[in-house]
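Per numbering that gives the first Met the number 0: the sequence shown = residues 0 to 227.
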Amino acid sequence: MIENRYTFKHAFIKTIPIMAGYVFLGFAFGLLMRTSGFPIWYPVLMSLFIYSGALQFATIPLVGVAVNPLSALMLGVMISARHLFYGIAMLKRYRHSGSLKYPLIFGLTDETFSVLSTENQEDEIPSMYYFTVTSLDYLYWNAGTLFGAIAGGVIPFDLAGLDFALTALFIVLLLEQMKTKQGMISGLTGLVVSGLSLLLFGSGQMVITSMVGIVVALLVERQLKLYE
């Protein structure tokens, strides 16, 4: 009965907000790469093999110029360090995934994590459901990139304001997660800790300090529950 609930239809419905954001953002990325003078295959291959929106946008001014490999590596680590915490949080959910764990690890983006982490952990969710959600999100991003790369070669665009689409997508996912009591606690914890990190450490150090602070706060909350 539980497996019947976690079907392709359920996965597709869950990822509709991500589709709206990923197609648009992928389109913007493909468009920016083409208008920066790169051939169509450049953004397409980047989306296929990097599959990290924030990192891909950050590398646009770096591609094609002399960059220290160590500096590029550090940039990637700093931008994507938050995925370490996502991975730790998904260890229990992915423990029976077998060979599917490799594409699941590769495809664990912010938005995919947001959708999968809101599923009832008490359910015996089939690994194929996790894989379907991950694959759909991967398809949305790459389809958007391809469309943008094609359009960027033939149609001029005004790109002002496109970067807000990612922020809007995160807001929608946060509101969806905060519908439950636990989601409300987690969401408010994230907002408070992130705000404090921004004030205390500035925007340059906000991501890492926020993630560490959130993990510590949630661990403290968990320990308090154990002693209730």
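All C-beta atoms in this analysis are idealised placements derived from N, C-alpha and C, irrespective of residue type, glycine included.
All of these numbers come straight from a predicted model, not from anything done at the bench.
S51 sits in coil when the DSSP states are folded into three classes, being neither helix nor strand. Going by beta carbons, L44 and A150 fall outside the 8 Å limit. Scanning H9, M32 and F146 for the CA closest to the CA of Y21 turns up F146. For the segment 121-161, the continuous alpha helix (DSSP H) assignments of 4+ residues that do not extend past its boundaries occur at 126-151, in sequence order.
One alpha carbon belongs to N141, the other to L47, and they sit about 7 Å apart.
Our two residues, H95 and T131, have alpha carbons roughly 15 Å apart in a direct line. A straight-line Cα-Cα distance of about 20 Å links G212 and T108. Per DSSP, the continuous alpha helix (DSSP H) segment holding I87 begins and ends at R81 to A88.
For E118, the three-state secondary structure derived from DSSP is coil. One alpha carbon belongs to L198, the other to A57, and they sit about 24 Å apart.
Y137 places its beta carbon less than 8 Å from that of Y50. Cβ-Cβ distances below 6 Å link Y139 to M18, Y21 and V22 in the same chain, with the five nearest sequence neighbours on each side left out; the list follows chain order. In the structure shown, I213 adopts helical secondary structure according to DSSP, grouped into three states.
According to the DSSP assignment, H9 belongs to the alpha helix (DSSP H) that extends over F7 to K13. Less than 8 Å divides the Cβ of T144 from the Cβ of G25.
Spanning the alpha carbons of M32 and P68 requires a straight line of approximately 21 Å. If you check the CB distance, F84 and V214 come in under 8 Å. Annotation for V192: S209, G212, I213 and A216 place their beta carbon closer than 8 Å to its own, counting only its chain and skipping 5 residues before and after. Across the set L99, P102, V153 and M89, the C-alpha of M89 shows the shortest separation from the C-alpha of T117.
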